[in-house]
Amino acid sequence: MMRVFYGSAKGNAHRYQCRGDDAHVGVGLCIGIGGVRVDRAVAMQILEAVSDRAVEAAIFASDQVERSRRDVIAAIERDLEGARYEALLASRRYELVDPAKRHVARELEARWNDALERVGVLERKIKDLSALSAARPVIDRGRLLQLAQDLPTVWNAPSTETRTKQRLIHILVQEIICDLDDATNEAVLLIHWTGGRHTEVRVARVKTGRYPAELAPSAVEALRKLGGHWPDRELAVSLNRMLCKTGDGESWTTVRVRDMRERLGIPEYDATKVDVPMISLMKAAEKLGICVGSAKSLVQRGILPATQILPGSPWMVPVEALSSEAVRIGVQGVIDRRPKFYEDYQYDKVVRLPGI
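Heads up: take any position in the sequence shown, counting from 1, add 96, and you land on our numbering.
This is the structure we're talking about:
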């Protein structure tokens, strides 16, 4: 199950992310994709699913089903007519039998009962099929086509509430399964529609911000510079982010980092031996009560002091800096810019796709 993570107070940027990496590092369990492009791609599929062409096809299919049902009812009615005639013949044979011939009478009575049972079965079938036809709603073809033509305009209108879009999506879509295609750098979405059909959609992922492969340092170089500053788990995350691989071409895990660090003679991280206590930017953001993007903005503006040994490695924030007056004022400015009902506002800004 993927969760939504918001990148700004305005709610204009969000990500769908699986937090499998909380327990495992480097085993490929974590999936993270930008939500804006995914929402846009799913919205296009929704609008296509209820376009005027799709509505025409749905009405035609519904009419076909109804015609087929009427044909079946007509066929069963013919069978019912024959079954009633057979039951009538069976009753006459039973009435004409000599009462003294008990074995013959029992046989004719059994045949009569079988004929009556078949009549009852056919009558129930006709009743059930007729009930389905009676329950079929009256289709206003013109109205449906007009709604289909107006939906794109309504969907894209700034005044349309996101909750309305959420309701429509949850009516049409049962689940969306997401995967990543690293070969094409695409997110692969499998839309499971309510009717049981499936649609595959591919969404290009943004490459901006990826660590350039040609600039990626060697794992040994990165470990020599970062070792001792962070726990092995953080080192594994950083090495994977910088596209460093093991000698076998595998991703880094906590165990692999520890083995390599010990072979290189790099001491293990010990928080008690650090002169100036440091925490990551994510931990700093949690302590300050703001998102990571806002914390990074404070760093870029020079309000929150932080250092980064290598591009892609964690930012190191002095713990004592969190209580400074400048940081307190900067954080208060971030909070003041939030909408009045921040959590509800964030919920309303995202369509919240089923299954993601």
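Even glycine gets a Cβ: it sits at the ideal position worked out from N, Cα and C.
**Study point:** Own chain, CB closer than 8 angstroms to residue 423, minus 5 neighbours either side, in chain order
**Key:** 384, 394, 399, 400 and 417
Practice item. Take the Cβ of residue 313 as the centre, count every other Cβ of all protein chains shown within 10 Å, and call the residue buried at 16 or more, exposed below. Key: buried
Exercise for review: Give a yes or no on contact between the segment 148 to 159 and the segment 231 to 241, applying the rule of three or more CB pairs nearer than 8 angstroms.
Suggested key: yes
Review point. Taking DSSP as the reference, what is the three-state secondary structure of residue 128?
Key: strand
Practice item. List the endpoints of the continuous alpha helix (DSSP H) containing residue 181. Key: 148 to 192
Point to revise | Sequence-distant residues of the same chain with beta carbon closer than 6 angstroms to residue 353, five excluded per side | key: 328, 331 and 332
Review point. For the beta strand (DSSP E) that residue 455 lies in, which residues bound it at each end?
Key: Past the boundaries of the shown model lies residue 455; the chain is included only from 97 to 452, so the question cannot be answered.
Check your understanding: Measuring CA to CA, which of 102, 270, 148 and 220 is closest to residue 131?
Key -> 102
Check your understanding: Going by the beta-carbon positions, is the gap between residue 222 and residue 172 smaller than 9 angstroms?
Key -> yes
Check your understanding: Between the Cα of residue 135 and the Cα atoms of 358, 197 and 287, which residue gives the shortest distance?
Key -> 287
Practice item. Please decide whether residue 195 counts as near chain C, where near means a Cβ-Cβ distance under 9 angstroms. Key: Given the protein chain composition of this structure (a single chain), no chain C is represented.
Practice item. Please name the residue, chosen from 390, 208, 413 and 419, that lies closest to residue 431 on a Cα-to-Cα basis. Key: 390
Practice item. Could you say if the segment 182 to 191 and the segment 206 to 226 meet the contact criterion of at least three C-beta pairs nearer than 8 angstroms? Key: yes
Point to revise | As assigned by DSSP and simplified to three states, the class of residue 111 | key: strand
Exercise for review: Please look up how many angstroms separate the CB atoms of residue 488 and residue 348, rounded, as I've assumed it's under 8 angstroms.
Suggested key: Absent from the structure is residue 488, since the part of the chain shown begins at 97 and ends at 452.
Check your understanding: What residue does the beta strand (DSSP E) around residue 234 start on, and which one ends it?
Key -> Where residue 234 is concerned, there is no enclosing beta strand (DSSP E), given that its DSSP letter is neither H nor E.
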